[in-house]
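Order-wise, the sequence lines are chains A and B. Counting from 13, one number per residue, gives the positions in the first sequence under the numbering used here. Counting from 13, one number per residue, gives the positions in the second sequence under the numbering used here. Yeah, the Cβ is synthetic: ideal placement off N, Cα and C, and Gly gets one too. For clarity, every value in this text was computed on a predicted model and none was experimentally measured.
Number of protein chains: 2
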Amino acid sequence: MAISKPTAERLSRLALLLEQQSEENTPITSAEIEVLTGWASHTIRKDISSLTKTSGIATNTGYLPCELAKAIRETLGFAGTEQNCCIVGLGRIGSAFLDYKGFAESPFTIRAGFDSNVNRVEILKADFPLYPTFKMKEIIPRLGISYAILTVPAEQAALAAERLIDCGITGIVNFTPVLLPAPPGVEIEQVSILDALGAIAARRSINTKE
Amino acid sequence: MAISKPTAERLSRLALLLEQQSEENTPITSAEIEVLTGWASHTIRKDISSLTKTSGIATNTGYLPCELAKAIRETLGFAGTEQNCCIVGLGRIGSAFLDYKGFAESPFTIRAGFDSNVNRVEILKADFPLYPTFKMKEIIPRLGISYAILTVPAEQAALAAERLIDCGITGIVNFTPVLLPAPPGVEIEQVSILDALGAIAARRSINTKE
DNA sequence: AGTTGTGAAGGTATTCACAGCG
DNA sequence: CGCTGTGAATACCTTCACAACT
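Printed below as a string of structure tokens:
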């Protein structure tokens, strides 16, 4: 049975949340998840019920975080396998991710960084190797990278995205303000401060109107 | 007539898009917007039809970008008035916004930056004033700031958010990986790389399954 | 008791198809 | 004619209420 888009997105965030606080594997109820996320407990239960594998997850005092997170990851496509990412553009925003620890418990790992400025590539330090941009075509397939985090200056965004797709990248998180066209088979997620502010303002103007 | 949430969010992004490329005010058709955004042209027309003021926007060759953007901003609450924001936390991510030019054409303006480290406040340069954190309570109401961009380290996020709300902030763009509880009347938008990657992976696992 | 799990009902958003207008 | 604008139909998601389980 197909899983709906809103459900998939909620489950994905839920998995991250569970992975973050997975030190203790004490059961968590749908009511507790409601407090943490703001989603109604029915919604959460319904979402969970659409997982392909549902045995050994629920007890009479709630869901087991580890098993639930694992079940979500399985249903959403990546069973145990790490999802490899790269950072493209090591300016202010890009280099801010070099020492970001949040990836540790997630299924995503940064495997490489790219920048057209060779100086930056040599000076900056990270837990993963940094390369000049022209090596993308060689490195990306070799390391099995399928996701890119795009943090180049706005004027280079379109070209960089095109090249990445050409290298076999199938998912781009776009931190530039440029709206990138998404060819079939490639998913692009815009992450923009202005969009975020706009979304907040939009929601507010609805709530105050009723 | 109330406007739906998805519609409001689409309109908000559309306004940003129009404002970005507003040099020429040549008409743009719903079909062209479809190419740029990926939303069906019906959806766009329906969204636009729900605006409160619809005169002088459409011609027989498309919509006039400037008037359309203006009409959207009016319907969504802020007619002409600038929306004031502040940045809280001037570490790697926060300071990356200091010279971000994208706000220029948007209805949002950054009015202040805050950091608990007094050194940073004194050394960093920006187009707006920087203050030590303890001055928030004084500055935020004085400058009429209602939105905050939260870029402090994860362990300070919860406390910082609480204080901001206490100062009268009603919208927070949360760049930390911490999931913040949103009290009534306050809108919080999580902007996280892991969420973005998760959303992409989730959408992909749906598309490939059918 | 307290939970999860789920068919059925209800509400919302999207899509369609065509009328209306410049 | 090409475009927008919009009621009606469809599809979708969420919510409810209660059964099933521990």
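**Q.** Endpoints, the beta strand (DSSP E) within which A:P144 is located
**A.** Per DSSP, A:P144 belongs to the beta strand (DSSP E) from 142-144.
Q: Out of B:G74, B:G103, B:Q168, state which residue places its alpha-carbon closest to the alpha-carbon of B:V130.
A: Comparing Cα positions, the closest option is B:G103.
Q. Grouping DSSP H, G and I as helix and E and B as strand, with all else coil, what is A:N186?
A. Correct three-state label for A:N186: strand.
(Q) Alpha carbons only, please: which of A:F146, A:Q95, A:S217 is nearest the one belonging to A:T182? (A) That would be A:Q95, whose Cα lies nearest to the Cα of A:T182.
Q: Please confirm whether A:G68 and A:E86 have their CB atoms less than 8 Å apart.
A: No.
Q) How big is the Cα-Cα spacing for B:A166 and B:T188? A) Between B:A166 and B:T188, the C-alpha separation is close to 6 Å.
Q. Which residues, in order along the segment 18-30 of chain A, keep a beta-carbon less than 8 Å from a beta-carbon of chain B?
A. Within the segment 18-30 of chain A, the residues whose Cβ lies closer than 8 Å to any Cβ of chain B are, in chain order, A20, E21, L23, S24, R25, A27, L28, L29.
Q. Who does B:V100 pair with in a DSSP beta bridge?
A. Partner(s): B:F126, B:L162.
Q: With a cut-off of 8 Å on the beta carbons, I'd call A:V285 and A:I161 a contact; round off their distance for me.
A: Past the edges of chain A, shown from 13 to 222, lies residue 285 of chain A, and the structure says nothing about it.
Q. If you run the structure through DSSP and keep just helix, strand and coil, what is A:P39?
A. Coil at A:P39, not helix or strand.
**Q.** At least 3 beta-carbon pairs within less than 8 Å: the segment 202-210 of chain A vs the segment 18-27 of chain B
**A.** Touching, yes, given that three or more Cβ pairs across the two stretches are closer than 8 Å.
Q. Can a CB atom of chain A be found closer than 8 Å to the CB of B:F120?
A. Judged by the 8 Å Cβ criterion, B:F120 is in contact with chain A.
Q) For the putative contact between B:L76 and B:R123, defined by C-beta atoms under 8 Å, what is the C-beta separation to the nearest angstrom? A) Not quite, the Cβ-Cβ distance comes to about 31 Å (not below 8 Å), so this is no contact.
Q: Note down, in chain order, all residues in the segment 187-200 of chain A with a beta-carbon under 7 Å from any beta-carbon belonging to chain B.
A: Listed by position along the chain: P189, L191, A194, E199.
Q.
Given this structure, state the Cα-to-Cα distance separating A:K221 from B:G89, to the nearest angstrom.
A. With a pLDDT of 46 at A:K221, under the threshold of 50, the predicted position of this residue should be treated as unreliable, though the coordinate-derived value follows. Computed Cα separation, rounded: 10 Å.
Q: With DSSP collapsed to three states, give me the class of A:E94.
A: It is coil, neither helix nor strand.
Q) How would you list, in chain order, the residues of chain A whose beta-carbon sits under 7 Å from the beta-carbon of B:I15? A) The CB of B:I15 comes closer than 7 Å to the CB of I218 in chain A, given here in chain order.
Q) In the DSSP assignment, what are the bridge partners of A:Y112? A) Its beta-bridge partners do not exist; DSSP assigns none.
Q) Exposed or buried, what is A:D111 when buried is set at 16 or more other beta-carbons lying within 10 Å of its beta-carbon? A) The C-beta of A:D111 has fewer than 16 other C-beta atoms within 10 Å across all chains shown, which makes the residue exposed.
Q: Figure out for me which residue from B:P195, B:P193, B:T41, B:T55 has the closest Cα to the Cα of B:T71.
A: Of all alpha-carbon atoms in B:P195, B:P193, B:T41, B:T55, the one lying nearest the alpha-carbon of B:T71 is that of B:T41.
Q.
So A:A208 contacts chain B; which residues on that side make the cut at Cβ distance below 7 Å?
A. Here the neighbours are V185, E201, V203.
Q. Do we get a CB-CB distance below 8 Å when we pair A:A173 with the residues of chain B?
A. No, because no Cβ of chain B sits closer than 8 Å to the Cβ of A:A173.
(Q) Counting only Cβ pairs nearer than 9 Å, list the residues of chain B close to A:E95. (A) Checking the displayed sequence, the identity of residue 95 of chain A turns out to be Gln instead of Glu. L209, A213, listed in chain order.
Q. Taking all protein chains shown into account, do 16 or more other C-beta atoms lie within 10 angstroms of the C-beta of B:E31, making it buried, or fewer, making it exposed?
A. With 16 or more other Cβ atoms within 10 Å, it is buried.
Q.
Determine, for A:A108, whether the minimum Cβ-Cβ distance to residues of chain B falls below 8 Å.
A. The Cβ of A:A108 sits closer than 8 Å to at least one Cβ of chain B.
**Q.** Residue range of the unbroken alpha helix (DSSP H) whose run includes B:E86
**A.** Where B:E86 is concerned, the enclosing alpha helix (DSSP H) stretches over 77-87.
Q: With DSSP as the reference, label B:A200 as helix, strand or coil.
A: Correcting the residue identity first, residue 200 of chain B is Ile in this sequence and not Ala. The three-state reading of DSSP puts B:I200 in strand, counting E and B together.
Q: Please name the residue, chosen from B:V203, B:L142, B:Y159, B:L191, that lies closest to B:I184 on a Cα-to-Cα basis.
A: For the options B:V203, B:L142, B:Y159, B:L191, the alpha carbon positioned closest to that of B:I184 is the one of B:Y159.
Q: Give me the Cβ distance between A:A1 and B:A108, rounded to the nearest whole Å; I'm assuming they're in contact under 8 Å.
A: This structure cannot settle anything about residue 1 of chain A, because the visible part of chain A is limited to 13 through 222.
Q) Considering A:P18, what are the terminal residues of the alpha helix (DSSP H) in which it resides? A) If you look at A:P18, you'll find it in the alpha helix (DSSP H) that goes 17-32.
Q: Please go through the same chain and pick out, in chain order, the residues whose beta-carbon is closer than 6 Å to the beta-carbon of A:F140, but skip the five residues on each side of it.
A: I122, R123, A124.
**Q.** Closer than 9 Å at the beta carbon, the chain B residues around A:F90
**A.** What A:F90 touches in chain B: A213, S217.
Q: At 9 Å on the CB atoms, spell out the chain B contacts of A:L48, in chain order.
A: Near A:L48 (Cβ distances below 9 Å), the residues of chain B are L191, P193.
Q: Run down chain A in chain order and give the residues with a C-beta less than 7 Å from the C-beta of B:G114.
A: Counting only Cβ-Cβ distances below 7 Å, B:G114 has contacts in chain A at P189, L206, in chain order.
Q: Ignore the nearest five residues each way along the sequence and tell me which others in A:I84's own chain have a CB closer than 6 Å to its CB.
A: Cβ within range, chain order: L23, A27.
Q: Give me the Cα-Cα distance between A:L63 and B:E35, rounded to the nearest whole angstrom.
A: Distance between the alpha carbons of A:L63 and B:E35: 49 Å.
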